[in-house]
Ligand code: SER
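Numbering (this note's numbering), first residue to last: 1 to 310.
This is the structure we're talking about:
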């Protein structure tokens, strides 16, 4: 049975993954860690700096952890404010986890990559698993390098590191914090407080997105899949639906026609323009039965009902 650690447990994905795993009984023990001070008492939460190899190793050894979900990262938009800090955190925390896997201290790792690995030169529609990748952000560069290192460790040292290239993740309670797709979370909070929303992406900018419940389901499915079936040793393309700011605004106006939104694209527009519109996720479907349960409409309705807006 697994003894699990989520590194970056307080973030958008980590906070929901910890809830989802707590409701399962196919593991022994769940530990949570992040760089923030302990803010809750009911769970096994600890402050650990993922950049400290010694601290991470001690924590993992002391608690006999054998499965790590390493989610700590600086995202695409925030990352551009300090590209070298982004590279340092995203890469060196990953190297710490890869080293622990190589040494046999942990048996299995999940590490998220992103559509940010793609750039302006790959096909925009049905972007394939394998295509030219020239990321334009420090975050994207770190994710692409990280994917290649995961593959290198898996091939060279026989480690079991699994990864998904996530689309923009839509959630309702934890804000994503520094991503190019954050508008899709922020807009619901403006709607709830009856404030006008100014989108930092243009109205027609279409990006691949996924609802948080599907994202968590994907992580758990991939981690529970038979290793023999996994053909991709770097990171799997994953698709759910694609959406533009205008599409959400139209849905929200159907509920409250007084809701107002406008568009003031900033530097994040250039990042979004370099990313795919839609993704081909054939490998994930074939290798570990990936199937999205939430389309655009279902996602919007779920978020609205969770925020008690419908
Ligand atoms: N949602 C992330 C971001 O916008 C992409 O992985 O940075």
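All C-beta atoms, glycine included, are put in the ideal place defined by N, C-alpha and C. None of these values were measured; they are calculated from a predicted model.
Could you give the DSSP three-state label for residue 198: helix, strand or coil?
strand
If you measure from the CB of residue 100, is any heavy atom of the ligand SER nearer than 6 Å?
Because no heavy atom of the ligand SER lies under 6 Å away, the Cβ of residue 100 does not count as near it: no.
Evaluate the contact criterion for the stretch 262-269 versus the stretch 155-175: three or more CB pairs, one atom per stretch, below 8 Å.
no
For residue 87 and residue 288, what's the separation of their Cα atoms in angstroms?
When rounded, the distance between both Cα atoms is 30 Å.
Three-state class that DSSP yields for residue 133 in the structure shown
It is coil, neither helix nor strand.
Contact test: residue 51 Cβ vs the ligand SER heavy atom, cutoff 6 Å
no
Quick check: is any heavy atom of the ligand SER less than 6 Å from the C-beta of residue 94?
For the ligand SER, not one heavy atom lies less than 6 Å from the Cβ of residue 94.
Rounded to the nearest angstrom, what separates residue 77 and residue 118 at their Cα positions?
Going from the Cα of residue 77 to the Cα of residue 118 covers about 15 Å.
Spatial neighbours of residue 167 within its chain, please: C-beta separation below 6 Å, excluding the five flanking residues on both sides.
Hits under 6 Å: 115, 208, 209 and 210.
Whole-angstrom C-beta distance between residue 56 and residue 73, which should lie under 8 Å:
With 8 Å as the limit, residue 73 and residue 56 do not qualify as a contact, their Cβ atoms being about 15 Å apart.
With distances taken Cα to Cα, identify the nearest neighbour of residue 295 among 129, 257, 241 and 29.
The shortest C-alpha separation from residue 295 is found at 241.
Bridge-paired residues (DSSP) for residue 127:
279
Can you give me the C-alpha to C-alpha distance between residue 58 and residue 106, rounded to a whole angstrom?
12 Å
Chain-order list of residues whose beta-carbon lies under 8 Å from that of residue 34 (same chain, five-residue window excluded)
Closer than 8 Å at Cβ, skipping near neighbours: 7, 8, 9, 10, 11, 14, 45, 47, 48 and 72.
Residue range of the unbroken alpha helix (DSSP H) whose run includes residue 101
83-102
Whose C-beta lies closer than 8 Å to the C-beta of residue 298 among residues of the same chain, with five residues either side of it excluded?
211
Candidates 123, 138 and 246: which alpha carbon is nearest residue 81's?
When only C-alpha atoms are compared, the closest one is 138.
Residue 185 - containing alpha helix (DSSP H), residue span:
183-192
In the DSSP assignment, find the unbroken beta strand (DSSP E) run with residue 164 in it and report its ends.
161-166
Could you check the C-alpha separation between residue 273 and residue 65 for me, to the nearest Å?
Residue 273 and residue 65 have their alpha carbons spaced roughly 40 Å apart.
Helix, strand or coil for residue 288 per DSSP?
helix
Compute the beta-carbon to beta-carbon distance between residue 280 and residue 290, rounded to the nearest angstrom, for a pair I have assumed lies under 8 Å.
Not confirmed; about 12 Å, so no contact.
For the candidate residues 149, 131, 191 and 38, whose alpha-carbon lies nearest to that of residue 308?
191
Do residue 127 and residue 276 have their C-beta atoms closer together than 7 Å?
Against a cut-off of 7 Å, the Cβ pair of residue 276 and residue 127 comes out as a contact.
DSSP has residue 309 in a bridge; who is on the other side?
Residue 309 pairs with nothing; no bridge assigned.
Let me check understanding here. Comparing Cα to Cα, which of 224, 3, 108 and 304 lies closest to residue 158?
Ranking 224, 3, 108 and 304 by Cα distance to residue 158 puts 108 first.
In three-state terms, what does DSSP make of residue 265?
The three-state secondary structure of residue 265, taken from DSSP, is coil.
Going straight from the alpha carbon of residue 227 to that of residue 283, what length do you get?
14 Å
Buried or exposed (CB count within 10 angstroms, at least 16 for buried), residue 70
Residue 70 comes out buried.
So, using beta-carbon positions, are residue 161 and residue 150 closer together than 7 Å?
yes
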